[in-house]
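The sequence shown begins at 10 in the numbering used here and counts up by one.
Positions of the beta carbon are idealized from the N, C-alpha and C atoms, including for glycine.
Step one of this worksheet: look at the structure below.
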Amino acid sequence: MIFSAKGQFFTSQFPLDNMMVPRNQNTNQGVVTFYFTSADTVQPANVQIKKFKDHVFVGTIYPVYVLANVQYEYNISDTISASLNSYRYELWYNNVLITKADNICSGDFYILDGQSNAESMPTLDSCYADYQRFMRTYGNSNELGSKKEWFVAKCDCNRMIDGCVGQLGVAIANEIILKHLIPVCILNGAVGGKPLNYFLPDSANHTNLLTSYGRLCTRVHEAHAQSAVRAIIWYQGENDASICNTQNDYLNSFHKLFLGWKSDYPNFENLYLVQIRAGCQTDRYCSNVIQEAQRQ
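Here you go:
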């Protein structure tokens with residue numbers, strides 16, 4: 010984005026509102042990065058970034074800069090605590106506010122994926138009692154295109170809504186926040202009523218936006234979280250039971266999915282696979298076949 014202040018132009022890749030940066034488990038801190046440029050007519054000594062924690066001013070950052078190609082380039086990193094606190098950064102030049110980024114935090118990232126039970130749209134009950142303002146997400150699983158924005162996660166909604174993580178996503182995030190007192194980002198890629206094959210990666214292009222896997226993988230990359238995903242929760246299989254998929258087919262497909270995850274999210278520590286129950290008007294024998302595949 011381009012901003013003007015007193016006739017001087019800045020091109021800013023400032024952090025986005027509501028952004029969450031990955032937590033370093035050893036230091037319990039996250040790193041917020043800034044990159045922006047200004048015309049060489051700017052006086053760089055008068056460029057500053059003001060930092061706020063929970064709306065309280067905590068200090069000023071005077072960015073280091075270099076002159077390159079008739080413009081100044083600024084590349085800065087700052088650390089924040091992975092705690093239930095929010096941060097705001099403001100870019101100022103000659104006492105003029107250029108741009109700002111608000112409600113930034115640091116925490117842990119989780120992927121939730123599968124079909125309707127993972128999508129977990131509201132039915133009769135609300136999950137608002139589990140809602141926390143330190144739940145985050147990026148984009149949504151809309152096939153028509155996901156906004157390149159961060160959101161405070163929404164609860165009683167469907168996957169087409171920006172920032173929706175579903176009721177299960179909210180419940181999982183709430184448990185982690187209450188126990189560990191850190192923000193949580195849930196990236197939910199679930200789509201109801203789909204067989205396992207629907208969620209497989211394109212072997213030639215894992216970020217293919219025509220695939221469910223590619224749309225979720227792209228969101229994780231845009232959130233700069235591909236190395237920060239801590240766990241994957243998988244809740245799917247009812248559709249495979251309804252079409253009487255075989256045990257070997259389910260196992261072989263799941264193996265392909267797992268290898269994709271290991272390739273794209275190499276540091277995830279645990280996979281939580283929810284075994285389906287008999288239901289959704291499926292044949293009991295066919296449900297047993299999928300349950301056994303999941304047990305194995």
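Residue i, buried or exposed, once every other Cβ within 10 Å from all chains shown has been counted against 16
i, result
"leucine 266", "buried"
"phenylalanine 66", "exposed"
"proline 192", "buried"
"isoleucine 252", "exposed"
"proline 275", "exposed"
"arginine 228", "buried"
"arginine 293", "exposed"
"lysine 188", "exposed"
"threonine 393", "The requested residue 393 is not part of the displayed model; the chain covers only 10 to 305."
"arginine 142", "exposed"
"leucine 268", "exposed"
"valine 75", "exposed"
"lysine 163", "buried"
"aspartate 49", "exposed"
"arginine 145", "buried"
"alanine 213", "exposed"
"alanine 234", "buried"
"asparagine 37", "exposed"
"arginine 286", "exposed"
"methionine 6", "It is not possible to answer for residue 6, since the shown part of the chain is limited to 10 through 305."
For residue i, the three-state DSSP class (helix, strand or coil)
i, result
"alanine 48", "strand"
"isoleucine 58", "strand"
"threonine 20", "strand"
"serine 86", "strand"
"glutamine 80", "strand"
"tyrosine 259", "helix"
"proline 31", "strand"
"asparagine 183", "helix"
"isoleucine 285", "coil"
"aspartate 26", "coil"
"asparagine 254", "coil"
"aspartate 134", "coil"
"asparagine 248", "helix"
"asparagine 214", "strand"
"phenylalanine 12", "With a pLDDT of only 46 at phenylalanine 12, under the threshold of 50, the placement of this residue in the model should not be trusted, and no figure is reported."
"lysine 265", "helix"
"glutamate 128", "helix"
"glycine 202", "coil"
"glycine 178", "helix"
Residues sharing a beta bridge with residue i, DSSP
i, result
"lysine 109", "Glu99"
"tyrosine 274", "Answer by DSSP bridge pairing: none, since tyrosine 274 is not bridged."
"leucine 190", "None, per the DSSP bridge assignment."
"aspartate 117", "Val193"
"valine 40", "Thr88"
"valine 75", "Glu82"
"cysteine 173", "Lys163"
"methionine 144", "Val193"
"aspartate 122", "Trp243"
"asparagine 279", "Ala240"
Enclosing alpha helix (DSSP H) for residue i [first to last residue]
i, result
"arginine 239", "Here arginine 239 belongs to no alpha helix (DSSP H); instead the beta strand (DSSP E) covers 238 to 244."
"tyrosine 222", "221 to 231"
"valine 298", "293 to 304"
First and last residue of the uninterrupted beta strand (DSSP E) at residue i
i, result
"threonine 69", "65 to 70"
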